[in-house]
Amino acid sequence: MPSLKKGHWSATEDKLVLELHLRHGSDWKGIAAAMNGARDHKQVRERYVNHLDPSINHDRFSIEEERALVKWNKIEGPQWAVFARRMRNGDGFRRTALQVKNFFHRTACRKNKRQKDAPMEQQAAVDERPNYEGRSGASSTQNVRGEEKPRGRIKSLMNIRNLLN
DNA sequence: AAAATATGCAACCGCCACTGC
DNA sequence: CGCAGTGGCGGTTGCATATTT
262 MPSLKKGHWS ATEDKLVLEL HLRHGSDWKG IAAAMNGARD HKQVRERYVN HLDPSINHDR
322 FSIEEERALV KWNKIEGPQW AVFARRMRNG DGFRRTALQV KNFFHRTACR KNKRQKDAPM
382 EQQAAVDERP NYEGRSGASS TQNVRGEEKP RGRIKSLMNI RNLLN
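Read in our numbering, the first sequence has 409 at position 148, and its numbers run on one by one without any break.
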């Protein structure tokens with residue numbers, strides 16, 4: 262059995278994953294197996310969900326999205342995946358959790374640089390989030406039918422549209 | 001032009017929840 | 001009920017590229 266490949270994906274691998282996804286759907290284990298074990302199921306899933314899925318919106322984040330994300334983070338905490346699923350544009354294209362997470366981090370970094378005096382205040386704001394109970398379980402997932410399935414600790418799931426108002 | 005530093009993106013890692021046995 | 005396998009997630013890290021010195 263070949264050893265697990267690491268690092269960046271080639272165009273050939275991407276194409277293969279896309280083809281296999283058509284046949285196997287979200288059976289990542291099956292897709293990984295069909296790739297002769299070169300990548301494991303977690304790598305395959307990550308690659309597809311974050312980059313290859315045709316419904317991904319690859320445009321830059323708008324000001325509205327940035328505002329919504331900042332607001333969302335204050336209220337719900339770092340639930341990037343939930344935010345990403347709700348952040349669909351008019352054409353139905355969505356953001357990925359990775360995009361949201363990276364965007365938030367770099368935005369936060371920029372702001373930290375701009376106002377180096379205020380990191381403590383920012384942290385305090387995070388601690389005051391009413392519905393945030395820490396990392397564990399503070400997210401939701403989807404069942405096989407794609408329905409949103411709360412993991413138990415989310416007290417409220419606001420529609421992202423409301424955040425934009 | 002070269003070196004140093006900053007920035008952004010993508011992949012890795014470990015944990016948690018769900019499911020089936 | 002307990003366990004193993006799998007999927008999903010957020011945090012962290014590393015690399016490539018851009019910018020600054």
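Note that beta-carbon positions come from the ideal geometry of N, C-alpha and C, so glycine has one too.
- Using a Cβ-Cβ distance cut-off of 8 Å, the stretch 321 to 334 and the stretch 290 to 300 are not in contact, since fewer than three pairs of beta carbons, one from each stretch, lie closer than that value.
- Judged by DSSP secondary structure, Val310 falls outside any alpha helix (DSSP H); it is assigned neither H nor E.
- Contact check between the stretch 269 to 283 and the stretch 302 to 310: three or more CB pairs, one atom from each, fall below 8 Å, which counts as touching.
- Taking the C-beta atoms as reference points, Ala345 is found nearer than 8 Å to Ala358.
- In the three-state DSSP reduction, Arg328 falls in the helix class (H, G or I).
- When Phe365, Asn363, Arg356 and His366 are compared, the shortest CA-CA separation from Val310 is found for Arg356.
- Contact check for Gly286 and Ser316: beta-carbon distance about 14 Å, past the 8 Å limit, so the pair fails to qualify.
- For Lys266, the closest of Ile324, Ala293 and Lys362 by C-alpha to C-alpha distance is Ala293.
- A distance below 6 Å between beta-carbons, with the five flanking residues on each side excluded, links Trp341 to the following residues of its chain, in chain order: Ala358, Val361 and Lys362.
- Between Phe322 and Phe365, the alpha-carbon positions lie close to 10 Å from each other.
- When beta bridges are read from the DSSP output, Ile317 appears opposite Arg355.
- For Ile324 and Arg367, the gap between their C-alpha atoms comes out near 14 Å.
- Here the C-alpha atom of Trp289 lies approximately 14 Å from the C-alpha atom of Asp275.
- Looking at the DSSP output, Arg346 sits in no beta bridge, so it has no partner there.
- Sequence-distant partners of Asn318 (beyond 5 residues in either direction) whose C-beta falls short of 7 Å from its own C-beta, in its chain, are Asn350, Phe354, Arg355 and Arg356.
- Nearest to Thr273 by alpha-carbon distance, out of Leu313, Ser264 and Glu326, is Leu313.
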